[in-house]
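J.: This is the structure, below, for whatever I ask next.
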Amino acid sequence: MATLHLLSHSPFADSRLASCLQLLSAEDALLLTGDAVYALQTGTAQRQALELMPVSIALFALEEDVIARGLAALPERLQMIDYAGFVELCCRYDRTNAWL
Numbered sequence: 001m002a003t004l005h006l007l008s009h010s011p012f013a014d015s016r017l018a019s020c021l022q023l024l025s026a027e028d029a030l031l032l033t034g035d036a037v038y039a040l041q042t043g044t045a046q047r048q049a050l051e052l053m054p055v056s057i058a059l060f061a062l063e064e065d066v067i068a069r070g071l072a073a074l075p076e077r078l079q080m081i082d083y084a085g086f087v088e089l090c091c092r093y094d095r096t097n098a099w100l
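Heads up, the sequence shown is in our numbering, so the first residue is 1 and it goes up one at a time.
Here you go:
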């Protein structure tokens with residue numbers, strides 16, 4: 001069963017991102033929202049970990065949050081979505097796991 005993993009906390013504040021990455025399966029997806037989009041910053045260990053994910057794992061980020069934080073030079077594999085896309089993703093995957 002494919003799972004959509006939702007992260008919203010800063011990857012620099014705790015180990016949620018690292019824990020999540022260890023549990024991702026081949027058909028899963030990761031959606032970064034809120035301060036979790038800071039994991040996309042160039043030159044960070046968190047960005048490198050995202051780039052090393054298997055290509056079968058989809059990587060999404062909420063466009064509004066990326067823009068609000070002024071992030072640029074994003075990974076090519078990243079798919080930016082809006083709130084309607086967020087809802088669509090939640091319906092597309094069998095399960096949703098919010099890393100609170």
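Backbone N, C-alpha and C define an ideal beta-carbon position, used for all residues, glycine too. Here the structure is a predicted model, which means the values were calculated and not measured.
1) For residue 41, which residues from the same chain have a beta carbon less than 7 Å from its beta carbon, with the 5 sequence-adjacent residues on both sides left out?
2) With a threshold of 8 Å on Cβ separation, who are the neighbours of residue 26 within its own chain once the five nearest residues in sequence on each side are excluded?
3) Once DSSP output is grouped into helix, strand and coil, what is the label at residue 2?
4) For residue 81, which residues from the same chain have a beta carbon less than 6 Å from its beta carbon, with the 5 sequence-adjacent residues on both sides left out?
5) Determine, using beta carbons only, whether residue 24 and residue 49 come nearer to each other than 8 Å.
T.: Let me lay it out:
1) 47 and 71
2) 54, 56 and 57
3) coil
4) 60
5) no
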